[in-house]
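From first to last, the protein sequence lines stand for chains A and B. Sequential numbering from 21 applies to the first sequence in the numbering used here. Sequential numbering from 6 applies to the second sequence in the numbering used here. Following: one structure in structure tokens, then a few remarks.
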Amino acid sequence: MYSDKVVDYFMNPRNAGKLDDANAIGEVGNPKCGDVMKIYLKINDQEIIEDIKFETFGCAAAIATSSMITEMVKGKPIAEALKINNKDVAEALGGLPPAKLHCSLLAQEGIEAAVADYFKRKTGKHPEGFKANTTCTACGGSCGEGAGQGHEEEEEIFVSEDHRAAE
Amino acid sequence: MTPRKVYLDNSATTQVDKKVLEAMLPYFSEEYGNPNSLHAWGRDARKCVDKARTQVAGLIGAEPKDIIFTGGGSEADNLAIKGTAWALKDKGRHIITSSIEHHALLDTVRWLGKNGYEYTILPVDKTGMVDPKELEAAIRPDTILASVMFANNEIGTIEPVAELGEVCRRHGVLFHTDGVQAAGHVKIDLKDLPIDMMTMAAHKMYGPKGVGALYVRKGIKLIPVIHGGGQEFGLRSGTENTPGLAGFGMAAELAANRLANGEIDNEIRLRDKLIDGLMERIPEVILTGHRTKRLPYHASICVKYVEGEGMLLLLDAAGIGVSSGSACTSGSLEPSYVLLSLGLDHSTAHGSVRITLSKDTNDEDIDYVLEKFPPIVEKLRSMSPFYKNN
Numbered sequence: 021m022y023s024d025k026v027v028d029y030f031m032n033p034r035n036a037g038k039l040d041d042a043n044a045i046g047e048v049g050n051p052k053c054g055d056v057m058k059i060y061l062k063i064n065d066q067e068i069i070e071d072i073k074f075e076t077f078g079c080a081a082a083i084a085t086s087s088m089i090t091e092m093v094k095g096k097p098i099a100e101a102l103k104i105n106n107k108d109v110a111e112a113l114g115g116l117p118p119a120k121l122h123c124s125l126l127a128q129e130g131i132e133a134a135v136a137d138y139f140k141r142k143t144g145k146h147p148e149g150f151k152a153n154t155t156c157t158a159c160g161g162s163c164g165e166g167a168g169q170g171h172e173e174e175e176e177i178f179v180s181e182d183h184r185a186a187e
Numbered sequence: 006m007t008p009r010k011v012y013l014d015n016s017a018t019t020q021v022d023k024k025v026l027e028a029m030l031p032y033f034s035e036e037y038g039n040p041n042s043l044h045a046w047g048r049d050a051r052k053c054v055d056k057a058r059t060q061v062a063g064l065i066g067a068e069p070k071d072i073i074f075t076g077g078g079s080e081a082d083n084l085a086i087k088g089t090a091w092a093l094k095d096k097g098r099h100i101i102t103s104s105i106e107h108h109a110l111l112d113t114v115r116w117l118g119k120n121g122y123e124y125t126i127l128p129v130d131k132t133g134m135v136d137p138k139e140l141e142a143a144i145r146p147d148t149i150l151a152s153v154m155f156a157n158n159e160i161g162t163i164e165p166v167a168e169l170g171e172v173c174r175r176h177g178v179l180f181h182t183d184g185v186q187a188a189g190h191v192k193i194d195l196k197d198l199p200i201d202m203m204t205m206a207a208h209k210m211y212g213p214k215g216v217g218a219l220y221v222r223k224g225i226k227l228i229p230v231i232h233g234g235g236q237e238f239g240l241r242s243g244t245e246n247t248p249g250l251a252g253f254g255m256a257a258e259l260a261a262n263r264l265a266n267g268e269i270d271n272e273i274r275l276r277d278k279l280i281d282g283l284m285e286r287i288p289e290v291i292l293t294g295h296r297t298k299r300l301p302y303h304a305s306i307c308v309k310y311v312e313g314e315g316m317l318l319l320l321d322a323a324g325i326g327v328s329s330g331s332a333c334t335s336g337s338l339e340p341s342y343v344l345l346s347l348g349l350d351h352s353t354a355h356g357s358v359r360i361t362l363s364k365d366t367n368d369e370d371i372d373y374v375l376e377k378f379p380p381i382v383e384k385l386r387s388m389s390p391f392y393k394n395n
């Protein structure tokens with residue numbers, strides 16, 4: 021189900037752990053949904069990400085995407101790091117199963133949250149253009165914490181391929 | 006040296022026993038007759054089906070004619086629930102079940118709920134036990150059926166089916182139990198138990214997949230789910246799966262022998278060695294389900310601060326096959342409803358691991374798991390934002 025690259029980045033995670041001299045920390049996700057990602061950044065005066073670490077509670081895909089995004093943004097100016105989106109992460113991992121795509125969104129949001137924290141610490145207020153609360157958008161609100169709406173369970177009716185074509 | 010392979014997901018399915026396979030093989034291309042045919046080929050196949058029925062009945066202290074063969078456990082559950090609902094629709098339309106049933110049960114009951122029936126889902130305590138008093142309180146004048154599983158697949162808890170069945174009997178309500186996980190692993194004598202219907206599946210007791218049975222006590226009226234040629238006393242049409250039934254019969258006979266000669270006791274010893282060993286070696290682990298009233302082969306735990314899928318995959322890489330009820334293994338974001346029913350919080354439930362032994366599991370297998378598992382937890386915890394020691 022997972023690509024070799026996902027397995028590699030899960031089994032041998034890059035940049036896992038805490039960063040003691042971090043000057044920005046972002047935490048996204050919700051333990052209810054089974055994914056929480058914490059990103060530690062050390063950003064220098066030139067606004068380049070000098071060092072990065074992650075701590076993730078989650079499945080193999082969540083750990084692999086955390087692992088991959090830390091590698092992708094390390095050494096980059098923050099403006100460039102913010103351009104990396106979830107699709108780039110999923111692509112770099114050789115693809116993710118559809119049910120796990122939310123993990124790559126979590127990785128992107130983790131970086132955004134950490135960078136927002138950097139500006140907040142610098143200016144004392146939440147920067148414009150960043151989401152104030154990134155808790156649980158990745159799951160699409162299915163945990164009931166986010167903006168997602170509950171929906172009535174639909175009766176599942178099997179329709180064969182031919183029927184679908186005929187409609 | 007080939008790396009060690011230890012399959013410990015026997016609640017999912019078991020390896021077909023060699024004797025079972027041997028019993029099945031002739032019925033593919035030698036004794037290939039249709040059991041419904043009158044000629045010699047047909048008669049030979051009929052003998053095979055009759056023998057299997059006797060063997061399966063023998064495992065649970067039933068009469069052969071009380072055994073309805075089906076295409077597996079889910080189908081047997083459907084037959085019991087829908088079959089009763091249809092047969093008794095003029096008597097009442099209320100069904101009672103529990104919150105930790107298999108989907109084959111819960112989804113069937115919920116479907117009936119959208120089609121003119123009502124249902125009550127009983128809660129469980131923190132060990133996964135259904136309280137007979139709560140069952141009694143839920144019974145209404147129009148209750149026709151209650152169904153509570155014999156033992157749970159995810160947490161191993163064995164339900165008080167004798168007491169639950171007794172309550173039903175007192176109130177004239179039929180009692181069905183899903184015995185898929187228990188049959189062949191726990192001594193069951195239906196002569197002494199107030200159980201009206203019980204589901205079984207061959208592949209959970211070293212038999213083939215796609216074969217199951219519903220025990221139906223004499224005198225109970227069901228409407229079939231599958232209509233047709235009238236096989237299985239009119240309750241399950243379709244040409245009998247003779248090789249599958251030959252295998253099911255043999256699997257049931259072998260299971261009855263294991264239960265009689267105390268082999269199960271060794272499984273319990275190994276299970277306890279595994280549970281105790283994991284609790285000793287890994288801090289902050291909780292056992293899910295009942296400590297003693299549990300399936301002999303079943304160990305299930307929640308490991309705090311880590312997610313189940315990661316553990317599953319790292320154990321797999323070490324040659325150990327287990328399962329998890331975490332969200333990530335189910336394709337949704339919700340952890341198992343069974344674990345949530347116990348009152349566990351979401352993040353604890355996400356850290357579930359189920360390890361289920363087989364009759365062939367030995368001390369070396371358990372030692373191997375106890376050696377490999379703790380460092381895997383350590384590795385994942387070292388990356389966890391929740392683990393305070395980081």
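Note that beta-carbon positions come from the ideal geometry of N, C-alpha and C, so glycine has one too.
Interface with chain A (7 Å Cβ-Cβ cutoff): B:S352 is included. For B:S389, the chain A residues whose C-beta falls within less than 8 Å of its own C-beta are E75, T76 and F77, listed in chain order.
In this chain, B:V216 is not harboured by any beta strand (DSSP E), its DSSP state being neither H nor E. Looking at B:V129, B:F391, B:N367 and B:H295, the one whose alpha-carbon comes closest to that of B:D270 is B:N367. A straight-line Cα-Cα distance of about 32 Å links B:A304 and B:T59.
The CB of A:V56 comes closer than 9 Å to the CB of S352, S389, P390 and F391 in chain B, given here in chain order. B:Y220 and B:L195 do touch by the CB rule: their CB atoms are close to 7 Å apart, below 8 Å.
Between B:R98 and B:D147, the CB-CB gap stays under 7 Å. Of all residues in the stretch 231 to 251 of chain B, none has a C-beta nearer than 9 Å to a C-beta of chain A.
In the assembly as shown, A:S86 is a buried residue. Its beta-carbon has 16 or more other beta-carbons within 10 Å. Annotated three-state conformation of A:P97 is strand, per DSSP. In the three-state DSSP reduction, B:F155 falls in the coil class, being neither helix nor strand. Apart from sequence neighbours up to five positions away, the residues of its chain that approach B:V135 with a beta-carbon distance below 6 Å are S103, L127, V129, V153 and E164, ordered along the chain. Taking the Cα positions, B:G330 is about 18 Å away from B:L283. A Cβ-Cβ distance of about 6 Å is found for the pair B:L179 and B:T89, placing them in contact under the 8 Å criterion. Any Cβ of chain A closer than 7 Å to the Cβ of B:E80 would place that residue at the interface, and such an atom is absent.
With a threshold of 7 Å between beta carbons, A:P97 makes no contact with chain B. Around the beta-carbon of A:Q66, fewer than 16 other beta-carbon atoms lie within 10 Å, marking it exposed. In this structure, A:A101 and A:V48 do not form a Cβ contact; the two beta carbons are roughly 15 Å apart against a cut-off of 8 Å. Counting along the chain, A:E75 sits inside no alpha helix (DSSP H); it lies in the beta strand (DSSP E) bounded by residues I69 to F77. For the C-beta of B:L318, the chain A residues within less than 9 Å are, from N- to C-terminus, Y22, V27, F30, M31, C79 and A80.
Identification of chain A residues near B:S331 by a Cβ-Cβ cut-off of 9 Å yields G54 and C79, ordered along the chain. Taking a Cβ-Cβ threshold of 9 Å, the residues of chain B close to A:I83 are E312, G315, L385 and M388, in chain order. Rounded to whole angstroms, the separation of the alpha carbons of B:K223 and B:D71 is 6 Å. With a 10 Å radius around the Cβ and a threshold of 16 neighbouring Cβ atoms, B:S346 comes out buried.
Any Cβ of chain B closer than 7 Å to the Cβ of A:A44 would place that residue at the interface, and such an atom is absent.
For A:E129, no chain B residue has a Cβ inside 9 Å of its Cβ, as the nearest lies near 15 Å away. Counting only runs that start and end inside the stretch 312 to 351 of chain B, the alpha helix (DSSP H) elements of at least 4 residues fall at 313 to 322, 332 to 335 and 342 to 346.
Proximity of the stretch 363 to 380 of chain B to the stretch 39 to 58 of chain B falls short of the contact definition, fewer than three beta-carbon pairs being nearer than 8 Å.
Look at B:H355: its C-beta is under 7 Å from a C-beta on chain A.
Within the stretch 105 to 133 of chain A, A119 place their CB atoms closer than 7 Å to a CB of chain B, listed in sequence order.
According to the DSSP assignment, A:T143 belongs to the alpha helix (DSSP H) that extends over L121 to T143.
For A:P147, the nearest beta carbon of chain B is not closer than 7 Å to its own beta carbon.
Neighbours of A:E100 in chain B, taken as residues at a C-beta separation under 8 Å, are lacking, since the least C-beta distance is about 26 Å. Here the alpha carbon of B:L150 sits roughly 28 Å from the alpha carbon of B:F253. One thing to note: B:A57 has its Cβ within 7 Å of the Cβ of B:L250.
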